[in-house]
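Counting in our numbering, the sequence shown runs from 11 upward without gaps.
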Amino acid sequence: MSSTATVRNLKIKTGVVKRLSKEVVYYKKEYDQQQARIDKLIAQGADEHDINKQKEVLEETNVMIPDSKRRLNVAYKELTDLVDLMLKENPDLKDSKEMVDAQTVLKDVKLEE
11 MSSTATVRNL
21 KIKTGVVKRL
31 SKEVVYYKKE
41 YDQQQARIDK
51 LIAQGADEHD
61 INKQKEVLEE
71 TNVMIPDSKR
81 RLNVAYKELT
91 DLVDLMLKEN
101 PDLKDSKEMV
111 DAQTVLKDVK
121 LEE
């Protein structure tokens, strides 16, 4: 792979990790908001059908959290492997903007199982 293609690939994989990290946070936040909405409906004595529909939405959100985490873990590993390979093959890239961005993202993203 040429240096230009490798740097482009690095930028893409960095963006993927950033996006998936935000996605995990978003689904967790959405889950909490949906749970609060259900609790409010129950407290207000809302119709059972409405509560059950909201519980379905909650379950759909809950299903997405592990999937997003799995995809984030895969993307994180791919980015880590690419960074390691690029630094090994071309140490001059160490201070490039793309490499610094990738390493910052890897440092900032928190992986969960």
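The C-beta atom is built at its ideal place from N, Cα and C for all residues, glycine as well.
Answer with buried or exposed for A85, where buried requires no fewer than 16 other C-beta atoms within 10 angstroms of its C-beta. Flag for A85 reads buried.
Which word fits A56, buried or exposed, when buried means at least 16 other C-beta atoms lie within 10 angstroms of its C-beta? So A56 ends up on the exposed side.
Can you round the beta-carbon distance between V27 and V119 to whole angstroms, since I take them to be within the 8 Å contact cut? Confirmed, Cβ separation roughly 6 Å.
Whole-angstrom Cβ separation of Q44 and V73, contact assumed at under 8 Å? The beta-carbon distance between Q44 and V73, rounded to whole angstroms, is 12 Å. This is too long to meet the 8 Å contact definition.
Does the stretch 15 to 22 come close enough to the stretch 30 to 50 that 3 or more CB-CB pairs lie under 8 Å? Touching, no.
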